[in-house]
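*Asks:* Each residue of the sequence shown is one higher than the one before, counting from 169 in this note's numbering.
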Amino acid sequence: MRNKFLPSFVQRKGRITKSQEDNLNSLHKYLVTSHAQILLEKSNFKRVILEIGFGNGENLINLAKENPKNLYIGSEVYMAGIGQVLGAINDNELANIRLVTGDIRLLIEEIKESIFDEVLIICPDPWPKLKHHKRRMINSEFLDSIYKVLNSDGHLFMSTDWENYAESIDESISQNLDFKVLSSSPYENIMLTKFQQRAVEEGRKIYPFSLKKS
């Protein structure tokens with residue numbers, strides 16, 4: 169089936185190490201591909217948190233280690249990052265992580281009920297060139313789709329290290345009056361990921377956005 173969405177990620181194979189590639193052999197044990205699978209998995213946990221675009225997985229792994237009663241569903245399109253996370257899952261014997269590969273928007277569209285307690289999107293691809301802005305994941309339509317799958321009082325946390333993307337996110341939030349804007353979030357103080365650290369070193373500010381389903 170053809171993807172109805174413009175790609176919000178660069179479609180490249182990317183570099184992958186031998187260990188990451190070997191780790192992919194265990195992907196089938198953690199992979200979720202449908203709404204029904206998430207419902208089945210969530211029955212064993214207190215809360216369900218979705219992280220979209222987990223990169224190398226530093227945040228996903230840390231949260232799962234600190235909160236074993238929560239189910240963390242991590243979405244990523246690049247096999248190197250997925251292989252990295254699978255290695256950490258196995259090394260730390262984590263039973264509370266499931267993975268989604270491919271475009272998460274397709275799965276979100278399939279879900280017809282409120283299912284997530286939190287959704288995290290930490291520094292997604294900024295598509296900095298003006299001609300590529302239409303490929304940015306976070307827009308008013310995307311916020312609408314997230315709102316529908318969040319539980320009552322659910323929390324959406326987003327961040328970007330590109331000022332004009334932050335301005336675009338602000339504008340999208342202003343078009344969605346169903347969300348309540350929060351003044352702060354515990355996720356503002358989490359350990360910086362590799363990509364966030366690079367942004368800070370290059371002199372870019374990280375802009376956080378914390379929303380609550382009202």
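We put the beta carbon where it would ideally sit given N, CA and C, even for glycine.
Among all the DSSP beta bridges, which residues are the ones paired with TYR240?
*Replies:* BP columns for TYR240 point to ILE217 and ILE265.
*Asks:* Drop a sphere of 10 angstroms on the beta-carbon of THR328, count the other beta-carbons inside from all chains shown, and report buried for 16 or more, exposed for fewer.
*Replies:* Buried, because 16 or more other Cβ atoms sit within 10 Å of the Cβ of THR328.
*Asks:* Can you check DSSP and say which residues form a bridge with VAL287?
*Replies:* According to DSSP, VAL287 bridges with LEU218 and LEU324.
*Asks:* Going by the beta-carbon positions, is the gap between ILE279 and HIS203 smaller than 8 Å?
*Replies:* Closer than 8 Å, so yes.
*Asks:* With DSSP as the reference, please indicate the residues paired to SER336 in a beta bridge.
*Replies:* For SER336, which the question treats as bridged, DSSP gives no partner whatsoever.
*Asks:* Sort out for me which residues DSSP pairs PHE310 with in a bridge.
*Replies:* PHE310 pairs with nothing; no bridge assigned.
*Asks:* Sort ASN212, ASN230 and LEU318 by Cα distance to LYS237 and report the nearest one.
*Replies:* The candidate whose alpha carbon is nearest that of LYS237 is ASN212.
*Asks:* Using only the heavy atoms of the ligand SAH, determine whether one of them is closer than 7 Å to the beta carbon of ASN212.
*Replies:* Only the bare structure without any ligand can be found here, which leaves the ligand SAH out of the picture.
*Asks:* Which residues does DSSP list as the beta-bridge partners of PRO376?
*Replies:* Answer is SER327.
*Asks:* I need the DSSP call for LEU199, collapsed to helix, strand or coil.
*Replies:* Strand.
*Asks:* Using a Cβ-Cβ distance cut-off of 8 Å, determine whether LYS373 contacts chain D.
*Replies:* Included in the structure is just one protein chain, with no chain D present.
*Asks:* Just to confirm before moving on: does the CB-CB distance between ILE257 and TYR333 stay below 8 Å?
*Replies:* In this structure, TYR333 does not lie closer than 8 Å to ILE257 by Cβ.
*Asks:* If you reduce the DSSP assignment to three classes, tell me which class ASN319 lands in.
*Replies:* Of the three classes helix, strand and coil, the one that applies to ASN319 here is strand, per DSSP.
*Asks:* Could you compute how far the alpha carbon of LEU311 sits from the alpha carbon of ILE341?
*Replies:* Taking the straight line joining both Cα atoms gives about 8 Å.
*Asks:* Please identify the residue among ASP285, PHE377 and ASP346 whose C-alpha is closest to the C-alpha of ARG215.
*Replies:* With distances taken between Cα atoms, ARG215 lies closest to ASP285.
*Asks:* Report the option in LYS362, GLY322 and GLU370 whose CA atom is closest to the CA atom of SER353.
*Replies:* The option with the nearest alpha carbon to SER353 is GLY322.
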